[in-house]
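Notes follow the structure.
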Amino acid sequence: MKFFIDTANLQDIAEAQAMGVLDGVTTNPSLMAKEGITGKDNISKHYLAICKIVEGDVSAEVNAVNCDGMISEGEELAALHPQIVVKLPMIADGIKACRYFHSKNIRTNVTLVFSAGQALLAAKAGATYVSPFLGRLDDVSTDGLHLINEIRQIYDNYNYQTQILSASVRHTMHIVNCAKAGSDVMTGPLSAIKGLLKHPLTDIGLNQFIEDAKKMKL
Ligand code: G3P
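Numbering of the sequence shown is given in this note's numbering, commencing with residue 37 and proceeding in unit increments.
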């Protein structure tokens with residue numbers, strides 16, 4: 037399973053990259069706004085700065101909500117850097133734009149997906165990635181993981197090449213469960229990725245090894 041980090045924070049991206057396990061980055065307008073990025077030039081520069089840190093795909097979301105607007109914005113984003121993937125909302129115009137980008141060999145990520153039917157449409161439109169929001173479904177007492185399992189089954193039934201990019205991942209068990217469900221990618225915060233490192237028995241065992249190594253007088 038590929039690991040993407042879901043942030044526009046350059047320090048967090050650099051830290052995850054330095055861990056050696058990062059495969060890409062996802063951003064959205066909320067995450068960009070959180071970093072205080074304003075104005076078209078600064079937004080473009082920020083995406084380029086992210087592309088410089090990581091080697092993999094970087095999702096950059098359009099702000100338009102009509103097909104023509106999404107196409108012109110998405111074409112500009114895609115032209116910025118070969119690593120950029122155009123992120124489109126799961127609405128009728130987003131699906132139309134997705135089909136257009138597919139015909140132009142421009143990679144896409146269809147976001148704000150909350151049902152298997154939406155994921156099926158995204159695959160039929162030729163999306164490179166589909167982003168089901170695991171955490172936000174869990175937030176409203178709905179089993180987010182069930183959706184990941186449903187999409188996996190549907191995509192496998194028809195050999196759709198669209199990659200399942202489990203999004204709105206919040207913690208370590210989301211990551212582990214996504215891997216068990218056969219998600220192609222997960223995107224989450226640095227805290228969830230680093231959380232995977234933790235086990236008290238690892239710390240106790242290492243301290244014991246360090247103490248015993250001293251007895252060997254290396
Ligand atoms: O990639 C989608 C993600 O940013 C949503 O995460 O935590 O805001 O639900 P969250």
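Glycine included, every Cβ here is placed at the ideal spot set by N, Cα and C.
Distance between residue j and residue i (C-alpha atoms, nearest Å)
{"i": "Pro125", "j": "Leu148", "result": "6 Å"}
{"i": "Ile86", "j": "Ala155", "result": "27 Å"}
{"i": "Asn186", "j": "Phe39", "result": "The question names Asn, yet the displayed sequence has Glu at residue 186. Those two C-alpha atoms are separated by around 21 Å."}
{"i": "Leu116", "j": "Thr178", "result": "38 Å"}
{"i": "Asn45", "j": "Asn78", "result": "14 Å"}
{"i": "Asn193", "j": "Leu157", "result": "15 Å"}
{"i": "Tyr191", "j": "His235", "result": "35 Å"}
{"i": "Leu113", "j": "Leu233", "result": "35 Å"}
{"i": "Lys251", "j": "Leu242", "result": "15 Å"}
{"i": "Thr238", "j": "Lys230", "result": "14 Å"}
{"i": "Gly72", "j": "Lys81", "result": "13 Å"}
{"i": "Leu254", "j": "Ile240", "result": "21 Å"}
{"i": "Ile127", "j": "Gln244", "result": "56 Å"}
{"i": "Val61", "j": "Gly75", "result": "21 Å"}
{"i": "Leu84", "j": "Glu247", "result": "47 Å"}
{"i": "Asp175", "j": "Gly153", "result": "20 Å"}
{"i": "Val57", "j": "Ala249", "result": "29 Å"}
{"i": "Lys22", "j": "Glu91", "result": "Residue 22 falls outside the range modelled here, since the chain spans only 37 to 254, and no answer is possible."}
{"i": "Glu111", "j": "Gln53", "result": "27 Å"}
Cβ separation of residue i and residue j, assumed to be a contact under 8 Å, to the nearest whole Å
{"i": "Ala217", "j": "Arg188", "result": "6 Å"}
{"i": "Cys214", "j": "Met55", "result": "With a Cβ gap of about 18 Å, Cys214 and Met55 do not count as contacting."}
{"i": "Ser167", "j": "Asn145", "result": "6 Å"}
{"i": "Asp277", "j": "Gln199", "result": "Absent from the model: residue 277. The displayed extent of the chain is 37 to 254, so no value can be given."}
{"i": "Val212", "j": "Ala228", "result": "Not really, about 10 Å apart at Cβ, beyond 8 Å."}
{"i": "Ser95", "j": "Val121", "result": "5 Å"}
{"i": "Leu226", "j": "Asp48", "result": "4 Å"}
Proximity winner among the options, relative to residue i (alpha-carbon distances)
{"i": "Asn141", "options": "Pro118, Ser151, Ile127, Ala152", "result": "Pro118"}
{"i": "Glu51", "options": "Asp174, Lys76, Ile89, Ser80", "result": "Ile89"}
{"i": "Ile184", "options": "Thr198, Ser202, Gln197, Asp175", "result": "Ser202"}
{"i": "Asp59", "options": "Ile240, Asp42, Lys70", "result": "Asp42"}
{"i": "Leu224", "options": "Glu111, Ile73, Thr208", "result": "For the record, residue 224 in the displayed sequence is Gly; it is not Leu. Looking at the Cα atoms, Thr208 is the closest of the given residues."}
{"i": "Lys132", "options": "Glu112, Lys160, Gly153, Leu113", "result": "Lys160"}
{"i": "Leu181", "options": "Thr164, Tyr165, His210", "result": "His210"}
{"i": "Phe169", "options": "Lys81, Asp239, Met222, Gly130", "result": "Met222"}
{"i": "Asp129", "options": "Cys103, Lys123, Arg143", "result": "Cys103"}
{"i": "Lys123", "options": "Tyr165, Gly153, Asp175, Ala249", "result": "Tyr165"}
{"i": "Ala163", "options": "Val57, Ala69, Arg143", "result": "Arg143"}
Beta-bridge partners of residue i, as assigned by DSSP
{"i": "Leu254", "result": "Bridge partners of Leu254: none, in fact."}
{"i": "Ala37", "result": "Note on residue identity: the sequence assigns Met, not Ala, to residue 37. Looking at the DSSP assignment, Met37 forms no beta bridge with any residue, so it has no partner."}
{"i": "Phe169", "result": "Ala203"}
{"i": "Gly224", "result": "Ile41"}
{"i": "Leu124", "result": "Val146"}
{"i": "Ser95", "result": "Thr62, Val121"}
If you pair each beta-carbon of the stretch 127-137 with each one of the stretch 100-108, do three or more pairs fall below 8 Å? Taking a cut-off of 8 Å for Cβ pairs, the stretch 127-137 and the stretch 100-108 touch, as three or more such pairs fall below it.
Report yes or no: do the stretch 56-68 and the stretch 95-105 share at least 3 C-beta pairs separated by less than 8 Å? Between the stretch 56-68 and the stretch 95-105 there are three or more inter-stretch CB-CB distances shorter than 8 Å, so the stretches are counted as touching.
Can you pull every residue whose C-beta falls closer than 7 Å to some heavy atom of the ligand HEM, listed in chain order? Looking for the ligand HEM in the displayed structure turns up nothing; the ligands present are the ligand G3P.
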